[in-house]
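Mapped onto mature numbering (1 follows the signal peptide of the UniProt record, and there is no 0), the consecutive letters of the sequence shown carry residue numbers -19 to -1, 1 to 175. Note that CB positions come from ideal geometry on N, CA and C, so glycine has one too. Below: the structure, in structure tokens.
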Amino acid sequence: MKTKIILAVVILNFLVLQACQSPEKRVKTEQSGTRAPAPDEAIIPDTLGLNRGANLTIFMNEAALDGMLEIELGKVATQKATDIHIKRYARRMIKDHTKIAERLKVLADSKKIPLPTVLPKEDLDHIAELQKMPVNEFEKHYMEMMVKGHVKALELFKSATTSGDSPLQNFAIPALRKMEQHYTLAMDISKHLK
């Protein structure tokens, strides 16, 4: 029994120490021995094991990139989709995510955290592929992306609401409500497409 308790304490201490290591140091450590990234390449650390909403820099970078992607995908959908529900949804994504991005920029400026201004090449390439898809295929793929993307966004914003940083929480709580609405609408439209 004592051995199990000691083992649990050791593991817990290890996890706490890993969580305390700065993301910049972690990325630097992981990249040692590799080429330096080009200035236009976005460096996005693997955050799967982190409470991404609790780390302000990681949260803001992910929220900014997710928002930019939603806006760009919405622009493509408003031009390409023929389904009125998808067009309406895409216009709402552009409007809501633009407002969220503006509020995020104010918060980032107050915290002196620079936000990314361009999407990663991978996302830009994916958007280019979407523009070439036949309409029916595009509409299904777009709505699948909206469902999956909002599941990820809900997780990110929920973790930010419990971060302990009041300005972050004040930003994240209303944004989370919007994300929940977006997710519900995306699910409804996806069912309609099947």
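Can you tell me which of the options puts its alpha carbon nearest to the alpha carbon of residue i?
i, options, result
"Thr98", "Met114, Asn42, Ala71, Leu149", "Asn42"
"Gly48", "Gly130, His173, Met168", "Gly130"
"Val128", "Asp64, Thr63, Lys80, Tyr70", "Tyr70"
"Val57", "Met126, Arg158, Gln150", "Met126"
In chain order, what residues of the same chain have a beta carbon less than 6 Å from the beta carbon of residue i, not counting five sequence neighbours either side?
i, result
"Ala153", "Phe138, Ala141, Thr142"
"Asp146", "none"
"His163", "His131"
With a threshold of 16 other CB atoms inside 10 Å of the CB of residue i, please say whether the residue is buried or exposed.
i, result
"Pro155", "exposed"
"Asp106", "exposed"
"Gly55", "buried"
"Asp77", "buried"
Take residue i and list the residues in its own chain whose beta-carbon comes closer than 7 Å to its own, dropping the five residues that flank it on each side.
i, result
"Glu53", "Leu100, Ile108"
"His66", "Ile170, His173"
For residue i, which residues in the same chain have their Cβ closer than 8 Å to its Cβ, ignoring the five residues on either side in sequence?
i, result
"His122", "Leu111, Met114"
"Arg72", "Gly55, Thr59"
"Met160", "His131, Ala134, Leu135, Phe138"
Check the C-beta distance from residue i over to residue j and give it rounded, since I have them as a contact under 8 Å.
i, j, result
"Ala167", "Leu96", "Their Cβ separation, rounded to whole angstroms, is 25 Å, which puts Ala167 and Leu96 out of contact at 8 Å."
"residue 186", "Glu51", "The structure shown does not extend to residue 186, since the chain spans only -19 to 175, so no value can be given for it."
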